[in-house]
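Visitor: Submitted below is the structure of interest, expressed as structure tokens.
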Ligand SMILES: C[S@@+](CC[C@H](N)C(=O)[O-])C[C@H]1O[C@@H](n2cnc3c(N)ncnc32)[C@H](O)[C@@H]1O
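Protein chains in written order, with the numbering used here: chain E, 1 to 135; chain V, 1001 to 1135.
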């Protein structure tokens, strides 16, 4: 057999799917702020995507939003959750994920598929792991 | 004059003092949870060191702790603030700062001097800036 050298391919940038968490803790829009706060504490996380019955993303709630509820006396989840969620796709690069976080001054991106269903989540903490090993 | 070649010094790792924020937003132990929540929202930050009259660190409060207050119905700042604060010194390296954050699952380190007074603050967001440029 004729030996053909492997074409040189630059080390491909790590993809979001290589580092994302797939078991995502979520909430539904009709839950209370207390429910969501308890889940944040129990799981020691700062971000919870809000999804509809089909698992499609309809918002995101963070510990910062809960602080806003306390600061401004808001009562319902809908009043504090962000609905215009910045997301990313599994095949996009980790570098793009970091750029997108910096552009929007956020520390987490829900990972969605073609139908906007949540299939994972990636945080700034996950990315610092990858970058530290690269340093 | 005799020319002596510069001794080779590896590119020094960036120090915490090179990237820390020096104008630190702080709170005092007798303030209310609502005061602290409002300050988090107003300044768009997630972490507030708690200091005594001499500016020495006595605790740290984050939006996550405010969520804990909501989840567990806690009333006073003292009930939710973390008193055993993990800190770092200005001369320590950025890599050490990141290792320390990862070890304790936290995203922020108050920077203190020899008398435990707060002289700055460094967050995971600050560090990702440095690491990205290095990538
Ligand atoms: C354990 S983390 C969990 C949330 C998430 N993993 C994160 O990185 O923020 C949240 C807790 O860490 C505490 N914390 C934050 N920075 C700290 C520091 N420099 N030293 C000690 N505790 C800190 C907060 O007070 C809060 O109770």
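The beta-carbon is built from N, C-alpha and C at its ideal position, and this holds for glycine as well.
One question on the structure: do residue 16 of chain E and residue 114 of chain E come within less than 9 Å of each other, judged by their Cβ atoms?
Guide: Cβ atoms of residue 16 of chain E and residue 114 of chain E: not closer than 9 Å.
Visitor: If you drop the 5 nearest sequence neighbours on each side, which residues of the same chain put their C-beta closer than 8 Å to that of residue 22 of chain E?
Guide: Correct list, in chain order: 119, 120.
Visitor: The stretch 1107 to 1129 of chain V: which residues have C-beta closer than 8 Å to a C-beta of chain E, in chain order?
Guide: Listed by position, the residues of the stretch 1107 to 1129 of chain V near chain E (Cβ gap below 8 Å) are 1107, 1124, 1125, 1127, 1128, 1129.
Visitor: Kindly provide the ranges of any beta strand (DSSP E) runs that are 3 or more residues long and lie completely inside the stretch 1097 to 1123 of chain V, ordered along the chain.
Guide: Whole beta strand (DSSP E) segments, 3+ residues: 1108 to 1112, 1118 to 1123.
Visitor: Mind checking if residue 28 of chain E is an interface residue toward chain V, Cβ cutoff 9 Å exclusive?
Guide: No, because no Cβ of chain V sits closer than 9 Å to the Cβ of residue 28 of chain E.
Visitor: With H, G and I counted as helix, E and B as strand and the rest as coil, what does DSSP make of residue 28 of chain E?
Guide: Of the three classes helix, strand and coil, the one that applies to residue 28 of chain E here is coil, per DSSP.
Visitor: Cβ of residue 121 of chain E versus every heavy atom of ligand 1: is any distance shorter than 8 Å?
Guide: Incorrect: residue 121 of chain E has no Cβ contact closer than 8 Å to ligand 1.
Visitor: If we ignore side chains and look at the alpha-carbon of each, how far apart do residue 1086 of chain V and residue 1003 of chain V end up?
Guide: Rounded to the nearest angstrom, the two C-alpha atoms are 46 Å apart.
Visitor: Could you check if residue 1061 of chain V belongs to the surroundings of ligand 1, using beta carbon to heavy atom distance under 8 Å?
Guide: The answer is yes for residue 1061 of chain V.
Visitor: So which residues on chain V does residue 66 of chain E lean against when the C-beta distance must stay under 8 Å?
Guide: Neighbours of residue 66 of chain E on chain V, chain order: 1063, 1066, 1067, 1070.
Visitor: According to DSSP, is residue 1012 of chain V part of a helix, a strand, or is it coil?
Guide: Three-state DSSP puts residue 1012 of chain V in coil, outside helix and strand.
Visitor: Given that residue 1097 of chain V touches chain E, what residues does it touch there, using C-beta distances under 7 Å?
Guide: Chain E residues near residue 1097 of chain V: none, gap ~11 Å exceeds 7 Å.
Visitor: Which residues in chain V have a C-beta closer than 7 Å to the C-beta of residue 38 of chain E? List them in chain order.
Guide: What residue 38 of chain E touches in chain V: 1071.
Visitor: Am I right that residue 63 of chain E and residue 98 of chain E are in contact with their C-beta atoms under 8 Å? What's the rounded C-beta distance?
Guide: Rounded, the Cβ-Cβ distance is 21 Å, inconsistent with contact.
Visitor: Please report the straight-line C-alpha distance between residue 1005 of chain V and residue 1012 of chain V, rounded to a whole angstrom.
Guide: Each residue's Cα considered, the two are about 18 Å apart.
Visitor: Between which residues of its own chain and residue 1055 of chain V is the CB-CB distance below 7 Å, once the five residues before and five after are set aside?
Guide: Taken in chain order, the residues that qualify are 1117, 1118.
Visitor: Which stretch, first to last residue, makes up the alpha helix (DSSP H) that contains residue 1080 of chain V?
Guide: Looking at the DSSP string, the run of the alpha helix (DSSP H) that includes residue 1080 of chain V is 1077 to 1080.
Visitor: Mind listing the chain E neighbours of residue 1041 of chain V? Cutoff is C-beta to C-beta under 8 Å, in chain order.
Guide: Per Cβ cutoff of 8 Å: 64, 67, 68, 71, 72.
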